[in-house]
Structures are given as structure tokens and as C-alpha cells.
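*Asks:*
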Amino acid sequence: MTTGVTGVLPFANGGSGAITPLLKGVGYTAINRDYIIVTAGSITITLPTSVSVSAGDTVTVKDGTGAAATTAFTVGRNGSNIASSATDLTFDKNFAEIVLTYIDGTIGWSV
Numbered sequence: 026m027t028t029g030v031t032g033v034l035p036f037a038n039g040g041s042g043a044i045t046p047l048l049k050g051v052g053y054t055a056i057n058r059d060y061i062i063v064t065a066g067s068i069t070i071t072l073p074t075s076v077s078v079s080a081g082d083t084v085t086v087k088d089g090t091g092a093a094a095t096t097a098f099t100v101g102r103n104g105s106n107i108a109s110s111a112t113d114l115t116f117d118k119n120f121a122e123i124v125l126t127y128i129d130g131t132i133g134w135s136v
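Residue numbers (the numbering used here): 26 to 136.
1. Go to V124, then tell me how far its beta strand (DSSP E) extends in each direction, as first and last residue.
2. For F120, count neighbouring Cβ atoms within 10 angstroms of its own Cβ and tell me buried if that reaches 16, exposed if not.
3. Take the Cβ of L48 as the centre, count every other Cβ of all protein chains shown within 10 Å, and call the residue buried at 16 or more, exposed below.
4. Helix, strand or coil, according to DSSP, for G42 in the structure here?
5. If you measure between the beta carbons of V124 and L114, is that distance less than 8 Å?
6. If I follow the unbroken beta strand (DSSP E) through V76, where does it start and stop?
7. In three-state DSSP terms, what is S67?
8. Can you give the Cα-Cα distance for D117 and I107, rounded to whole angstroms?
Structure follows, in C-alpha cells:
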């Protein structure tokens with residue numbers, strides 16, 4: 026048995042580990058390890074700013090309503106590439122879930 030240990034487990038909170046889903050029906054700016062379930066279309070989930078990310082950072086985004094094909098939402102790149110492209114990601118697949126992992130300044134966020 027271990028006693029006297031203090032601190033916060035890295036997976037204890039949404040934003041700090043992606044265990045607790047964050048339900049979002051309005052625009053939102055993600056932070057490392059967020060697990061975002063989008064509950065409305067026509068909104069933007071913005072990735073962390075390019076100056077605040079490190080290789081290996083992740084953001085998970087899921088269509089929680091199954092309506093993305095008819096009411097798409099956007100994942101905004103916020104200055105970093107997404108899969109080496111300087112364009113935002115249109116999320117239009119019902120119930121799909123993507124994990125974006127930051128690689129580097131050239132690739133940006135890998136899907």
C-alpha cells in the first residue's frame with residue numbers, strides 16, 4: 026500500500042485526460058486531451074493554438090447526434106495544419122469520431 030502520495034492523475038478531468046466527455050452545442054476552443062462530443066451542427070470546435078501545442082498532444086471529436094451529414098460542423102485549425110493542409114476540417118460523417126494528434130509544424134494535426 027502506498028500512502029502520502031499527492032497530485033492529480035493526468036486522466037482525472039476532461040481537458041487533462043479525455044476521460045470525461047465534454048458535450049458541446051456551441052463553439053468551443055479545445056485543449057490538449059479534450060474528448061468533445063458535438064451535440065449541434067453548424068458550430069466550430071477550434072483546435073489549440075499552434076503556439077501552445079507539443080508533439081503528441083491529442084484532441085478527440087465525435088458527432089454525438091448522428092446528424093453531421095446534414096448539419097456539418099467545423100474543426101478549426103487555429104494556425105496549424107490539419108494533415109499537412111492549411112484548411113479547416115469539415116466534419117460531416119454521422120456518429121464518426123476522430124482523434125487528432127499533433128505531429129509538428131509541417132504536418133500539424135494528424136487525423
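All C-beta atoms in this analysis are idealised placements derived from N, C-alpha and C, irrespective of residue type, glycine included.
*Replies:* On the basis of the coordinates in this document:
1. 122–129
2. exposed
3. exposed
4. Below a pLDDT of 50, predicted positions are generally treated as unreliable, and G42, at 48, falls in that range; the measurement from the model is reported next regardless. Coil.
5. no
6. That residue, V76, is in no beta strand (DSSP E); it is neither H nor E in DSSP.
7. coil
8. 16 Å
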